[in-house]
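Colleague:
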Amino acid sequence: MTTRHGSAGRTLTAIVLAAGKGTRMRSALPKVLHAVAGRTMLGHVLTAAREAGAGRIAVVAEPGQAAVEAEVAAIAPGARVHPQAERLGTAHAVLAARDTLAEDADDVVVAFGDTPLVTAATLTRLRAPLAEGAAIAVLAFDTDRPTGYGRVLTQDGSVTAIREDKDATDEERRVGLCNAGLMALSGRHALAILDRIGNANAAGEYYLTDAVALAVAEGLSVAVVRVEEAEAQGVNDRVQLAVAEAEIQSRLRRAAQIGGATLVAPETVFLSVDTVLGQDVLVEPHVVFGPRVTVGDGCVIHAFSHLEGASLEPGVTIGPYARLRPGAVLETGSRVGNFVELKNTRLGAGAKANHLTYLGDSTVGAGANVGAGTITCNYDGVNKHRTSIGAGAFVGSNSALVAPVAVGAGAIVGAGSVVTADVPADGLAVARARQVNRPEGARLWRATKGLVRKPETKTHEKP
Ligand code: UD1
Ligand code: CA
Numbered sequence: 089m090t091t092r093h094g095s096a097g098r099t100l101t102a103i104v105l106a107a108g109k110g111t112r113m114r115s116a117l118p119k120v121l122h123a124v125a126g127r128t129m130l131g132h133v134l135t136a137a138r139e140a141g142a143g144r145i146a147v148v149a150e151p152g153q154a155a156v157e158a159e160v161a162a163i164a165p166g167a168r169v170h171p172q173a174e175r176l177g178t179a180h181a182v183l184a185a186r187d188t189l190a191e192d193a194d195d196v197v198v199a200f201g202d203t204p205l206v207t208a209a210t211l212t213r214l215r216a217p218l219a220e221g222a223a224i225a226v227l228a229f230d231t232d233r234p235t236g237y238g239r240v241l242t243q244d245g246s247v248t249a250i251r252e253d254k255d256a257t258d259e260e261r262r263v264g265l266c267n268a269g270l271m272a273l274s275g276r277h278a279l280a281i282l283d284r285i286g287n288a289n290a291a292g293e294y295y296l297t298d299a300v301a302l303a304v305a306e307g308l309s310v311a312v313v314r315v316e317e318a319e320a321q322g323v324n325d326r327v328q329l330a331v332a333e334a335e336i337q338s339r340l341r342r343a344a345q346i347g348g349a350t351l352v353a354p355e356t357v358f359l360s361v362d363t364v365l366g367q368d369v370l371v372e373p374h375v376v377f378g379p380r381v382t383v384g385d386g387c388v389i390h391a392f393s394h395l396e397g398a399s400l401e402p403g404v405t406i407g408p409y410a411r412l413r414p415g416a417v418l419e420t421g422s423r424v425g426n427f428v429e430l431k432n433t434r435l436g437a438g439a440k441a442n443h444l445t446y447l448g449d450s451t452v453g454a455g456a457n458v459g460a461g462t463i464t465c466n467y468d469g470v471n472k473h474r475t476s477i478g479a480g481a482f483v484g485s486n487s488a489l490v491a492p493v494a495v496g497a498g499a500i501v502g503a504g505s506v507v508t509a510d511v512p513a514d515g516l517a518v519a520r521a522r523q524v525n526r527p528e529g530a531r532l533w534r535a536t537k538g539l540v541r542k543p544e545t546k547t548h549e550k551p
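Residue numbers (my numbering): 89 to 551.
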């Protein structure tokens, strides 16, 4: 008898099936590269496999899909990619990884690249029966909407087969226990069973699910491990993609709240899997967190802000309507107000850019004040250039800082300036045409046109 934590010490190989465009997605992108919560579906599954302790990971993909290979390399470096030239079914796909299967493993888990919600904990639960002697464990869920899924057929409480929707009788179609697609196989039996799967079915495909009936016929034991329907969601079209997104978002929102962030209207806040929110962060309604955002303790994200690749130190306030793009780093206590965009910019501690501003490829020193409408002209049409604004500097409203340019510490730039040369520390730059006032000039101009000034109209006249 093995211990209750029977998987400890057993080696695990994960095979992730990712071939095929997924025709029902109607997309130029391979199905498994569609993203949910800022990470590709394939990325989610690979991450779960890694976290479940898979020492060996293999991905089966259509040959020549560089984007799929790049994603594998990024998320699971060292994972092997096996090409499946023809898409002949899920069993055929697993066998495309024959070279990996031939390398001994105690347990093999097959996961689908289009079932992104599955967690590492579930993969661990799925393989557990193998340590107790099962040859196969299938992951299943109960649903009242089983259409499209393979049905898990049982007799006297034991699994006998999985029947694909296309091949099922009317009676079998009424079965609500569905195959989530994931399967754990004992490494000892896997190849022998898979090699015996044929393709005599409605689709003419080699079904991985046929492994169940074959194992049962040989007197091997097959276990069913149940999972919540929400986690088993497969994605075959964009409607299901949105269902998966909604499920992941509710998980992420909940985790953020449990972690100490206030989401005033959680259903309007969109997070990425890697979003990090500190304690006592306040997120107002309608905020989008793209990938790679870290928010420190006590920050306030006002409504309608959009963040991506940004890092906020504690006590920062942004928005409403702030846009933080990749490379935005906001140091402690700095503030970004409405209609302000930051890209590849470091805003120093306590610095402010409160209204209608674009800061790109720049550094703003501690305590600097960037006035309304300030724009860094960082792009000359060919190259990007840097702007630096020193600590404690004051940039007057509606200034254009033409990069490369530096405003020294403590310097002042007069409103409406177009700054093309460096401003020395503590210097004052005014870079705009001097105003000219001509007394009576307006009256004289009108006279040349034969015009007179319109009488003042009263706006709140009584009838
Ligand atoms: C599959 C299961 C079904 C289950 C459902 C759960 C089989 C035969 N059917 O059906 O019982 O209820 O998932 O979502 O296993 N793939 C390849 N190569 C192939 C075929 C598929 O790599 O030749 C990959 C796909 O990229 C996809 C996954 O395997 O990620 C599943 O294939 P799909 O065609 O979506 O299977 P379903 O019809 O959804
Ligand atoms: Ca599917």
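We put the beta carbon where it would ideally sit given N, CA and C, even for glycine.
May I have the straight-line CA-CA distance separating Arg531 from Val540, to the nearest angstrom?
Modeller: Here residue 531 refers to the residue found at position 443 when the sequence shown is read from its first residue. Here residue 540 refers to the residue found at position 452 when the sequence shown is read from its first residue. Those two C-alpha atoms are separated by around 8 Å.
Colleague: Within this structure, are the beta carbons of Gln345 and Glu335 separated by less than 8 Å?
Modeller: If you number the sequence shown from 1, residue 345 lands on position 257. If you number the sequence shown from 1, residue 335 lands on position 247. No, they are not a contact pair.
Colleague: With which residues is Ile406 paired in a DSSP beta bridge?
Modeller: Mapped onto the sequence shown, residue 406 falls at position 318. In the DSSP output, where bridge partners are listed per residue, Ile406 has Ile389, Val424.
Colleague: Give me every residue whose Cβ sits closer than 5 Å to any heavy atom of ligand 2, in chain order.
Modeller: Matched residues: Asp202, Gly322, Asn324.
Colleague: Which class does Arg114 belong to by DSSP, given the choice of helix, strand or coil?
Modeller: Locating residue 114 in the sequence shown gives position 26, counting from the first residue. Coil.
Colleague: If you pair each beta-carbon of the stretch 289 to 298 with each one of the stretch 163 to 181, do three or more pairs fall below 8 Å?
Modeller: Yes: the two stretches touch, three or more of their Cβ pairs being nearer than 8 Å.
Colleague: Looking at C-alpha atoms only, which residue of Val404, Thr382, Cys387, Arg423 is the closest neighbour of Gly415?
Modeller: Within the sequence shown, numbered from 1, the residue matching residue 415 stands at position 327. Per the Cα distances, Thr382.
Colleague: Give a yes or no on contact between the stretch 250 to 259 and the stretch 118 to 130, applying the rule of three or more CB pairs nearer than 8 Å.
Modeller: The stretch 250 to 259 is not in contact with the stretch 118 to 130.
Colleague: Flag Tyr295 as yes when its Cβ comes closer than 7 Å to any non-hydrogen atom of ligand 1, and as no otherwise.
Modeller: Here the question's residue 295 lines up with position 207 in the sequence shown. Result yes, Cβ under 7 Å from ligand 1.
Colleague: Is the beta carbon of Gly407 sitting closer than 8 Å to the one on Ser422?
Modeller: Here residue 407 refers to the residue found at position 319 of the sequence shown. Here residue 422 refers to the residue found at position 334 of the sequence shown. Contact flag unset, no.
Colleague: How far does the beta strand (DSSP E) with Arg239 in it reach, from first residue to last?
Modeller: Sequence index remark: in the sequence shown, residue 239 carries index 151 (1-based). 239 to 243 is the span of the beta strand (DSSP E), which, as asked, contains Arg239.
Colleague: According to DSSP, is Lys254 part of a helix, a strand, or is it coil?
Modeller: As a working note, residue 254 is residue 166 in the sequence shown. If DSSP states are grouped into helix, strand and coil, Lys254 belongs with the helices.
Colleague: In the structure shown, what three-state DSSP assignment does Glu335 receive?
Modeller: Residue numbering aside, residue 335 sits at position 247 when the sequence shown is read from its first letter. In the structure shown, Glu335 sits in a helix (DSSP, three-state: H, G or I).
Colleague: Starting from Thr536, follow the alpha helix (DSSP H) in both directions and report where the run begins and ends.
Modeller: Locating residue 536 in the sequence shown gives position 448, counting from the first residue. Taken as a continuous stretch (DSSP letters only), the alpha helix (DSSP H) holding Thr536 covers 529 to 536.
Colleague: With 16 other CB atoms within 10 Å as the buried threshold, where does Gln153 fall?
Modeller: Against the sequence shown, residue 153 aligns to sequence position 65. So Gln153 counts as buried.
Colleague: Which same chain residues, not among the five before or five after Trp533, have their C-beta less than 7 Å away from its C-beta?
Modeller: Within the sequence shown, the letter at position 445 stands for residue 533. Contacts found: none.
Colleague: Can you give the Cα-Cα distance for Arg112 and Val247, rounded to whole angstroms?
Modeller: Taking the first residue of the sequence shown as position 1, residue 112 is located at position 24. Taking the first residue of the sequence shown as position 1, residue 247 is located at position 159. Using only the alpha carbons, I get a separation of about 31 Å.
Colleague: In whole angstroms, what is the alpha-carbon distance linking Lys472 and Asn289?
Modeller: For the purposes of this step, residue 472 is taken as the residue at position 384 of the sequence shown. For the purposes of this step, residue 289 is taken as the residue at position 201 of the sequence shown. Near 59 Å, if we compare the C-alpha coordinates of Asn289 and Lys472.
Colleague: For Asp187, which three-state DSSP category applies?
Modeller: For the purposes of this step, residue 187 is identified with residue 99 of the sequence shown, where counting begins at 1. Helix.
Colleague: Do you know how far the Cα of Leu183 is from the Cα of Ala280?
Modeller: On the sequence shown, residue 280 is found 192 positions in, with the first residue counted as 1. On the sequence shown, residue 183 is found 95 positions in, with the first residue counted as 1. Approximately 11 Å, taken between the alpha carbons.
Colleague: Leaving out five residues on either side along the sequence, give the residues of the same chain with a beta carbon under 6 Å from the beta carbon of Val404.
Modeller: On the sequence shown, position 316 is the one that residue 404 refers to. Contacts found: Cys387, Leu418, Ser422.
Colleague: So, is the C-beta of Thr350 closer than 8 Å to a C-beta in chain C?
Modeller: The displayed structure is made up of one protein chain only, and chain C is not part of it.
Colleague: With respect to the alpha helix (DSSP H) encompassing Ala299, which residues constitute its N-terminal and C-terminal limits?
Modeller: By 1-based counting over the sequence shown, the position of residue 299 is 211. Where Ala299 is concerned, the enclosing alpha helix (DSSP H) stretches over 298 to 305.
Colleague: Might you give, ordered along the chain, the residues of its own chain that have their beta carbon closer than 8 Å to the beta carbon of Leu54, omitting 5 neighbours on each side?
Modeller: Outside the modelled stretch of the chain, which goes from 89 to 551, sits residue 54, for which no answer is possible.
Colleague: Spell out a yes or no on whether the stretch 131 to 145 and the stretch 154 to 165 are touching, meaning 3 or more CB-CB pairs, one atom from each, closer than 8 Å.
Modeller: The stretch 131 to 145 is in contact with the stretch 154 to 165.
Colleague: Given a cut-off of 8 Å, decide if Val483 and Val555 are closer than it, judged by their beta-carbon atoms.
Modeller: Only positions 89 to 551 of the chain appear in this structure, which leaves residue 555 out of reach.
Colleague: Determine the burial state of Asp468: buried for a count of at least 16 other Cβ atoms within 10 Å of its Cβ, exposed for fewer.
Modeller: Taking the first residue of the sequence shown as 1, we reach residue 468 at position 380. Asp468 should be labelled exposed.
Colleague: Do Ala216 and Ala268 count as a contact pair if the criterion is CB distance below 8 Å?
Modeller: Mapped onto the sequence shown, residue 268 falls at position 180. Mapped onto the sequence shown, residue 216 falls at position 128. Their beta carbons are not under 8 Å apart, which means Ala268 does not touch Ala216 by this criterion.
Colleague: Given Ala456, which residues of its chain have a CB within under 8 Å of its CB, disregarding the five upstream and five downstream residues?
Modeller: Within the sequence shown, the letter at position 368 stands for residue 456. These residues qualify, in order along the chain: Gly436, Ala439, Lys440, Ile477, Gly478, Ala479, Gly480, Ala481, Phe482, Val483.
Colleague: Which residue from Ala219, Ala454, Val490, Met271 puts its Cα closest to that of Gly238?
Modeller: Sequence index remark: in the sequence shown, residue 238 carries index 150 (1-based). Checking every option, the nearest Cα to that of Gly238 belongs to Met271.
Colleague: Using the DSSP secondary-structure output, state which residues sit across from Thr382 in a beta bridge.
Modeller: If you number the sequence shown from 1, residue 382 lands on position 294. DSSP lists Val364, Ser399 as partners of Thr382.
Colleague: Can you check which of these residues, Glu528, Leu282, Gly347, Gly538, is closest to Val196 by C-alpha distance?
Modeller: Indexing the sequence shown from 1 puts residue 196 at position 108. Nearest C-alpha to Val196: Leu282.
Colleague: Return the chain-ordered list of same chain residues with a C-beta closer than 8 Å to the C-beta of Gly496, the five sequence neighbours on each side being excluded.
Modeller: Walking along the sequence shown from the start, residue 496 turns up at place 408. Excluding residues within five positions, the ones whose Cβ falls inside 8 Å are Gly478, Ala481, Asp510, Val511, Pro512, Ala513, Asp514, Gly515.
Colleague: What residue range is occupied by the uninterrupted alpha helix (DSSP H) comprising Ala318?
Modeller: The residue given as residue 318 occupies position 230 in the sequence shown. From DSSP, the alpha helix (DSSP H) with Ala318 extends over 317 to 320.
Colleague: Sort out for me which residues DSSP pairs Tyr446 with in a bridge.
Modeller: Your numbering for residue 446 matches position 358 in the sequence shown. Looking at the DSSP assignment, Tyr446 forms a beta bridge with Glu429, Ile463.
Colleague: Ligand 1 and Arg138: does any heavy atom of the ligand fall closer than 7 Å to the residue's C-beta?
Modeller: The count along the sequence shown starts at 1 and reaches residue 138 at position 50. Result no, Cβ not under 7 Å from ligand 1.
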